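Take a look at the structure set out below.
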Amino acid sequence: MWSTSPTTQWEKDRKYYEKKHPRELAAVLNNLGRYIDLLNRSKKAACAEAGYLHGEGAGVVAIDQKAGGKSLQETRMYIFANEAEKVLYLITIGNKDSQHDDVLYSRDFVKEHFPPPEQTKPD
Amino acid sequence: MPTETETKAPARPTGRKYTSVAELMRGENVSREVQDRVAELESETRISRYLAGMRAASGLTQAELAEKLNCTQSCISKWESGEDEELTIKVIWDYCRATDQRLGIFIGKPLGHVEAIKAYAFGLRDRLKALAAIANSDSDLEQSIQAFFGEAFFNLLTIFENCQREMPNSGDFELRIETQCKQPKMLTCRHSEPQHKPSREAVMA
Chain X
1 MWSTSPTTQW EKDRKYYEKK HPRELAAVLN NLGRYIDLLN RSKKAACAEA GYLHGEGAGV
61 VAIDQKAGGK SLQETRMYIF ANEAEKVLYL ITIGNKDSQH DDVLYSRDFV KEHFPPPEQT
121 KPD
Chain U
1 MPTETETKAP ARPTGRKYTS VAELMRGENV SREVQDRVAE LESETRISRY LAGMRAASGL
61 TQAELAEKLN CTQSCISKWE SGEDEELTIK VIWDYCRATD QRLGIFIGKP LGHVEAIKAY
121 AFGLRDRLKA LAAIANSDSD LEQSIQAFFG EAFFNLLTIF ENCQREMPNS GDFELRIETQ
181 CKQPKMLTCR HSEPQHKPSR EAVMA
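Listed in order, the protein sequences are those of chains X and U. Using my numbering, the letters of the first sequence map in sequence onto residues 1 to 123. Using my numbering, the letters of the second sequence map in sequence onto residues 1 to 205.
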């Protein structure tokens, strides 16, 4: 079973969105729930695909606000799916304007906390 | 974004883990307003969520399912990511057929507990009758169906007994079973010691 784990930045962003954009936050949280269901039921990783998911490189996935209602601001929740632990790390939440920075920020989080195996080998 | 003008500190894992979004929202003290809206959205996307799960459980990618259904991958993506009201019966039917799975949908006012138990009981009766009809027409299957009846009977009583234990004053409860079988069988249903009626043995014919 997959679980989710928030990060310190996600906590801050979540509080901001809760106050300023609660409908957008609800929409991405609902899609996060859909993604968890999908991962739990998938026979293989390739099956866990959906229109509200966007691969952002380095294992970072963005979940958008699709099917969350009309006239919502473009919102994305950035996550990292750690296959080994079966944990979805919730990294940050942002809008279209901050998209570029959010992707880089999320990739940095993954690099720092989940470096690829070759980087962990001793010299 | 809250930090557009400021530099974000690097994110650190908090170590807290949640197995569902509902649990996450409760654990992180997300406002009632957001929790209610998520619940509302969940009910509006329940079938599409289930369809995506059916495909994934069958080991099919969206492209593979699209090929089976003779449609485009973007159609599949739209159905699975959209709202339930956009789906048609044909789409649901196609998913069941292509994934060889079964999906039951109930729409409308939910049944009360008593109504639901009655509905299940009638369903159970119909299934048992169908099995009895098979036993009458097929002597090879008769014995195994007979054995299944005994097992099912005992299991149902166990369910009743376990639920009864959760009732207040369950110690006063007596479940007395009387059956008439061709071959004597001991049917037992153990319960906490009854205070008023000591005779709770299963009666054999």
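Idealized CB from N, CA, C, for every residue including glycine. As the structure is a prediction and not an experimental result, all values here were calculated from the model.
Please return the same chain residues whose Cβ sits closer than 7 Å to the Cβ of T72(U), not counting the five positions on each side in sequence.
Start at 1 with the first residue of the second sequence, and residue 72(U) comes out as number 72. A66.
Contact between the stretch 77–88 of chain X and the stretch 55–63 of chain X is defined here as three or more beta-carbon pairs at a separation below 8 Å; is this criterion met?
yes
Cα-Cα separation between P117(X) and K111(X), rounded to whole angstroms:
Residue mapping note: residue 117(X) aligns to position 117 of the first sequence, counting from 1. Residue mapping note: residue 111(X) aligns to position 111 of the first sequence, counting from 1. Using only the alpha carbons, I get a separation of about 11 Å.
Own chain partners of T7(X) with C-beta closer than 8 Å, once the 5 adjacent residues on each side are dropped:
By 1-based counting over the first sequence, the position of residue 7(X) is 7. Same-chain partners within the cutoff: Y89, L90, I91, T92, F109.
Is the Cβ of Q101(U) closer than 8 Å to any Cβ of chain X?
Taking the first residue of the second sequence as 1, we reach residue 101(U) at position 101. For Q101(U), the answer is no, since every Cβ of chain X falls outside 8 Å of its Cβ.
Does the contact criterion of 3 or more C-beta pairs under 8 Å hold for the stretch 39–54 of chain X versus the stretch 48–60 of chain U?
yes
Could you give the first and the last residue of the continuous beta strand (DSSP E) run that contains H54(X)?
As a working note, residue 54(X) is residue 54 in the first sequence. That run of the beta strand (DSSP E) goes 53–55.
Report back the beta-carbon spacing between K66(X) and N31(X) to the nearest angstrom; my notes put them in contact at under 8 Å.
The residue labelled residue 66(X) in the question sits at position 66 within the first sequence. The residue labelled residue 31(X) in the question sits at position 31 within the first sequence. Yes, K66(X) and N31(X) are in contact; Cβ-Cβ is about 7 Å, under 8 Å.
Compute the beta-carbon to beta-carbon distance between R14(X) and G68(X), rounded to the nearest angstrom, for a pair I have assumed lies under 8 Å.
Here residue 14(X) corresponds to residue number 14 of the first sequence, with the count starting at 1. Here residue 68(X) corresponds to residue number 68 of the first sequence, with the count starting at 1. Incorrect: roughly 16 Å between the Cβ atoms, too far for contact.
Cutoff 8 Å: I63(X) Cβ touching any chain U Cβ
Locating residue 63(X) in the first sequence gives position 63, counting from the first residue. Judged by the 8 Å Cβ criterion, I63(X) is not in contact with chain U.
Using the Cβ count rule (16 or more neighbours within 10 Å means buried), how would you classify W79(U)?
Within the second sequence, the letter at position 79 stands for residue 79(U). W79(U) comes out buried.
Any idea what DSSP makes of R76(X), helix, strand or coil?
Here the question's residue 76(X) lines up with position 76 in the first sequence. Strand, per DSSP.
Where the alpha helix (DSSP H) containing A52(U) begins and where it ends:
Here residue 52(U) is taken as the residue at index 52 of the second sequence, counted from 1. Unbroken alpha helix (DSSP H) run through A52(U): 46–57.
I want to verify the contact list: residues of chain X whose CB lies under 9 Å from the CB of R26(U), in sequence order.
Translated into positions along the second sequence, residue 26(U) becomes position 26. Those do not exist, as R26(U) stays about 12 Å from chain X at its closest Cβ, beyond 9 Å.
K70(X) CB to nearest chain U CB: under 8 Å?
Position 70 of the first sequence holds residue 70(X). No, no contact with chain U.
If the cut is a Cβ gap below 8 Å, which residues of chain U does R14(X) touch?
Along the first sequence, read from residue 1 onward, the residue named residue 14(X) stands at position 14. Ordered by position in chain U, the residues that pass the 8 Å Cβ test against R14(X) are E28, V30.
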